[in-house]
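Participant: Pasting a structure below so you can have a look.
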Amino acid sequence: MKKLLRVAAILALLFVSLPLFAKEPTLEETVADAAKKISRAIDGKVQTVAVIDIRSDHWALSDYIVDELNHELTNMLEQTNVAERDEYSLALIQQESDYQLSGAVSDETIQEIGAALGADCIVLGNMETVSGGWQLILRASMVESKKVLTSWRGKVSNKEKEVKFQVEKSKKPRPMAQNMGNGKKPTLAKNALGVSIAMINAHGEEVSTLHPRDVIRFKVSVDKNAYLAILCTDAHKEETWLPLQSNFIRAGESRIFPDIPGAVLRVEDGIFGNESVKVYASTVESDLPTQKKMMGTRAFKLANENAEIAEASVEYRVVK
1 MKKLLRVAAI LALLFVSLPL FAKEPTLEET VADAAKKISR AIDGKVQTVA
51 VIDIRSDHWA LSDYIVDELN HELTNMLEQT NVAERDEYSL ALIQQESDYQ
101 LSGAVSDETI QEIGAALGAD CIVLGNMETV SGGWQLILRA SMVESKKVLT
151 SWRGKVSNKE KEVKFQVEKS KKPRPMAQNM GNGKKPTLAK NALGVSIAMI
201 NAHGEEVSTL HPRDVIRFKV SVDKNAYLAI LCTDAHKEET WLPLQSNFIR
251 AGESRIFPDI PGAVLRVEDG IFGNESVKVY ASTVESDLPT QKKMMGTRAF
301 KLANENAEIA EASVEYRVVK
């Protein structure tokens with residue numbers, strides 16, 4: 001009897017000790033577990049899902065999780081498409097992160113990116129340090145209504161090899177999105193400030209033709225620090241000054257417009273013909289043209305003798 005009790009006690013100790021030696025999940029296993037729950041919640045209920053961003057202090061870790069989620073969801077989903085981030089999306093995320101200096105991308109921009117990718121559902125998350133490791137929080141929500149369809153929470157050890165590798169990798173500067181798609185440079189000749197503008201589609205490719213309801217977006221680049229004013233002219237020759245979140249652009253920078261989070265400019269249905277976007281740039285903000293200052297003319301006149309000014313334009317055609 002005593003022998004049986006000793007055996008039972010030893011077995012009990014073993015069962016109690018087992019969790020102490022249980023294998024902790026890897027980052028890949030954690031992401032796969034998250035993908036299972038998300039796929040069960042959305043498959044067949046939405047047409048297209050896009051994993052937009054994982055907010056983290058470590059860019060490489062964020063990008064790694066996004067890529068892993070895309071891979072897992074693509075393999076799991078049967079009735080729902082998975083749209084991957086393109087160069088335009090990455091550039092927009094980087095642009096706003098740089099502008100805010102906080103690394104946080106606004107919910108409005110996230111919704112805009114989701115819409116640009118043709119997704120009706122987006123996945124957004126956070127990867128944060130907690131006691132003894134990392135906590136990954138994900139949520140899937142509808143683009144238009146912002147209704148949360150499902151959420152998931154999991155933990156990864158701070159000793160996990162892939163996490164440590166990606167955190168170390170993040171100590172290097174994040175590579176900027178290159179070429180915005182097809183790698184073509186704007187065809188316009190460089191001017192005094194090196195200002196150029198190109199109309200681009202949702203994939204960052206330069207285009208010259210748009211259709212009704214297409215999203216209008218364009219990329220502006222400069223060689224010198226400058227302030228901008230942007231004038232849009234539709235096929236009826238009606239002119240509108242584009243509202244800007246920030247009218248300052250740094251030397252060597254490329255900015256995507258419209259730049260106001262959540263703002264989407266679309267081709268108006270029923271209006272066809274040639275349209276244009278003109279960029280006015282000046283090293284002195286007070287020299288920028290305004291609707292009041294222009295007074296019916298499009299001549300860009302120098303008021304401050306210390307200023308440098310330039311302009312560039314792009315034309316496109318709206319067809320049925």
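Each step along the sequence shown adds one to the number in this note's numbering, with nothing skipped, and position 56 is 56. Glycine included, each C-beta is placed from N, C-alpha and C at the ideal position. Keep in mind it's a predicted model, so treat the numbers as computed, not measured.
Under the rule that 16 or more other beta-carbon atoms within 10 Å means buried, what is residue 102, buried or exposed?
Facilitator: To locate residue 102, count along the sequence shown from 1; it is residue 102. With a pLDDT of 42 at residue 102, under the threshold of 50, the predicted position of this residue should be treated as unreliable, and no value is reported.
Participant: Which one or two residues does DSSP pair with residue 148 in a beta bridge?
Facilitator: Counted from its first residue, the sequence shown places residue 148 at position 148. In the DSSP output, where bridge partners are listed per residue, residue 148 has 141.
Participant: Check residue 34 in the structure and name its three-state DSSP category.
Facilitator: Walking along the sequence shown from the start, residue 34 turns up at place 34. In the structure shown, residue 34 sits in a helix (DSSP, three-state: H, G or I).
Participant: Would you mind stating whether residue 50 and residue 114 have Cβ atoms separated by less than 8 Å?
Facilitator: Within the sequence shown, the letter at position 50 stands for residue 50. Within the sequence shown, the letter at position 114 stands for residue 114. Contact flag set, yes.
Participant: Restricting to Cα atoms, I'd like to know which of 228, 167, 169 is closest to residue 194.
Facilitator: As a first step, residue 194 is located in the sequence shown; it is residue number 194 there, counting from the start. Cα-wise, what sits closest to residue 194 is 228.
Participant: Please identify the residue among 207, 78, 127 whose C-alpha is closest to the C-alpha of residue 66.
Facilitator: Position 66 of the sequence shown, counted from the start, is the residue given in the question as residue 66. Of the listed residues, the one whose Cα sits closest to residue 66 is 127.
Participant: Under the rule that 16 or more other beta-carbon atoms within 10 Å means buried, what is residue 47, buried or exposed?
Facilitator: Within the sequence shown, numbered from 1, the residue matching residue 47 stands at position 47. Burial call: exposed.
Participant: Just to confirm the assignment, what range does the beta strand (DSSP E) spanning residue 124 have?
Facilitator: Locating residue 124 in the sequence shown gives position 124, where the first residue counts as 1. It spans 121–130 - the beta strand (DSSP E) in which residue 124 sits, taken as one unbroken run.
Participant: Buried or exposed: which applies to residue 80, given that a residue is buried once 16 or more other Cβ atoms fall within 10 Å of its Cβ?
Facilitator: By 1-based counting over the sequence shown, the position of residue 80 is 80. Buried is the call here.
Participant: DSSP three-state call for residue 234: helix, strand or coil?
Facilitator: Position 234 of the sequence shown, counting from 1, holds the residue named residue 234. Three-state DSSP puts residue 234 in coil, outside helix and strand.
Participant: Tell whether a beta-carbon distance below 8 Å holds between residue 197 and residue 314.
Facilitator: Position 197 of the sequence shown, counted from the start, is the residue given in the question as residue 197. Position 314 of the sequence shown, counted from the start, is the residue given in the question as residue 314. Between residue 197 and residue 314, the CB-CB gap stays under 8 Å.
Participant: Across which residues does DSSP place residue 133 in a beta bridge pair?
Facilitator: On the sequence shown, residue 133 is found 133 positions in, with the first residue counted as 1. Note: residue 133 sits in a beta bridge opposite 130, 157.
Participant: Pairs of beta-carbons, one from the region 273–285 and one from the region 223–242, closer than 8 Å: are there three or more?
Facilitator: yes
Participant: Express the C-alpha separation of residue 219 and residue 255 in angstroms, rounding to a whole number.
Facilitator: Counted from its first residue, the sequence shown places residue 255 at position 255. Counted from its first residue, the sequence shown places residue 219 at position 219. Distance between the alpha carbons of residue 255 and residue 219 is about 6 Å.
Participant: Where do the ends of the alpha helix (DSSP H) carrying residue 75 lie?
Facilitator: By 1-based counting over the sequence shown, the position of residue 75 is 75. Unbroken alpha helix (DSSP H) run through residue 75: 59–76.
Participant: Would you mind reading off the limits of the beta strand (DSSP E) that contains residue 313?
Facilitator: By 1-based counting over the sequence shown, the position of residue 313 is 313. Looking at the DSSP string, the run of the beta strand (DSSP E) that includes residue 313 is 309–318.
Participant: Would you check if there are 3 or more beta carbon pairs closer than 8 Å linking the region 161–173 to the region 140–152?
Facilitator: no
Participant: Measure the C-alpha to C-alpha separation of residue 71 and residue 123 and round it to an integer number of angstroms.
Facilitator: The residue you call residue 71 lines up with position 71 of the sequence shown. The residue you call residue 123 lines up with position 123 of the sequence shown. Approximately 13 Å between the Cα atoms of the pair.
Participant: Quick check on the burial criterion: 16 or more other C-beta atoms within 10 angstroms. Buried or exposed for residue 269?
Facilitator: For the purposes of this step, residue 269 is taken as residue 269 along the sequence shown, with counting starting at 1. Counting Cβ neighbours within 10 Å, residue 269 comes out exposed, since fewer than 16 surround it.
Participant: Can you tell me where the beta strand (DSSP E) with residue 273 in it begins and where it stops?
Facilitator: In the sequence shown, residue 273 corresponds to position 273, counting from 1. Start and end: 273–282.
Participant: In chain order, what residues of the same chain have a beta carbon less than 7 Å from the beta carbon of residue 68, not counting five sequence neighbours either side?
Facilitator: Here residue 68 refers to the residue found at position 68 of the sequence shown. Closer than 7 Å at Cβ, skipping near neighbours: 28, 31.
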